[in-house]
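Down below is the structure, laid out as structure tokens.
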Amino acid sequence: MNLLSTFMLAFAMSTDAFAASIGKGAALHRPCLREALRTGLIFGVIEALTPLLGWAIGLAAARYVARWDHWIAFSLLGVLGLRMIYSGLARARADDDPAARPGRHSFWVLALTAFATSIDALTVGVGLAFVDVDILRTAVAIGTATMIMATTGIMLGRMLGSRIGRGAEIGGGVMLIGIGATILAQHLHPF
Numbered sequence: 001m002n003l004l005s006t007f008m009l010a011f012a013m014s015t016d017a018f019a020a021s022i023g024k025g026a027a028l029h030r031p032c033l034r035e036a037l038r039t040g041l042i043f044g045v046i047e048a049l050t051p052l053l054g055w056a057i058g059l060a061a062a063r064y065v066a067r068w069d070h071w072i073a074f075s076l077l078g079v080l081g082l083r084m085i086y087s088g089l090a091r092a093r094a095d096d097d098p099a100a101r102p103g104r105h106s107f108w109v110l111a112l113t114a115f116a117t118s119i120d121a122l123t124v125g126v127g128l129a130f131v132d133v134d135i136l137r138t139a140v141a142i143g144t145a146t147m148i149m150a151t152t153g154i155m156l157g158r159m160l161g162s163r164i165g166r167g168a169e170i171g172g173g174v175m176l177i178g179i180g181a182t183i184l185a186q187h188l189h190p191f
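Residue numbers (our numbering): 1 to 191.
This is the structure in structure tokens:
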């Protein structure tokens with residue numbers, strides 16, 4: 001996987017965390033930069049660890065499915081991309097009472113949210129075990145992109161609401177489908 005594909009994958013993986021952090025930021029009363037950085041760090045670390053775990057799981061099964069590895073990667077990324085598009089289209093917009101907003105989210109609420117948004121990175125990690133990829137570089141890229149996007153999402157949450165988060169999730173889904181199609185094309189017709 002080349003540098004551009006790694007960048008696109010990292011961005012695509014960070015969009016669901018971005019969307020969730022916009023919601024988290026919108027739920028807070030005047031989120032400060034410290035809270036945004038804290039949230040970004042929690043999301044980024046969890047999002048960096050899950051593709052490593054998925055890659056290890058996929059690597060254990062690689063020798064059994066080497067003949068179909070590109071189809072597996074394409075299918076996983078395609079289904080995941082479609083799920084992200086559907087989620088972005090189906091997400092309902094919630095209106096909060098601004099006076100009832102907390103000033104900070106608990107660590108466990110953020111960690112559970114980060115884990116829920118990183119399930120896709122776990123799945124991508126499984127798919128990446130079947131292709132030639134530097135998994136550490138990819139995991140660091142995903143974690144860094146997620147940290148930046150989640151931090152930004154918290155700060156933008158109150159101003160922009162959930163609309164931009166939905167759009168980012170849909171865009172991320174489209175990118176995942178594109179990456180899966182690229183992997184499939186490279187294996188079926190090597191250049």
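Even glycine gets a Cβ: it sits at the ideal position worked out from N, Cα and C.
- With respect to residue 48, residue 131 sits apart: the two C-beta atoms are not nearer than 8 Å.
- Non-local C-beta neighbours of residue 8 in its own chain, meaning closer than 7 Å and more than five positions away in sequence, comprise 175 and 179, ordered along the chain.
- Spanning the alpha carbons of residue 72 and residue 30 requires a straight line of approximately 44 Å.
- When the alpha-carbon of residue 36 is set against those of 173, 157, 184 and 186, the nearest one is in 157.
- Judged by beta-carbon spacing, residue 119 lies beyond the 8 Å limit of residue 128, meaning their Cβ atoms are not closer than that value.
- Residue 16 carries a helical assignment under DSSP once its states are collapsed to helix, strand and coil.
- In the DSSP assignment, residue 68 falls outside any alpha helix (DSSP H) and carries neither an H nor an E.
- Its chain contains 20 as the residues whose beta carbon lies nearer than 6 Å to that of residue 113, once the 5 sequence neighbours on both sides are disregarded; these appear in chain order.
- Distances from the alpha-carbon of residue 55 to those of 137, 155 and 147 put 137 closest.
- In the structure shown, residue 31 falls within a coil segment according to DSSP collapsed to helix, strand and coil.
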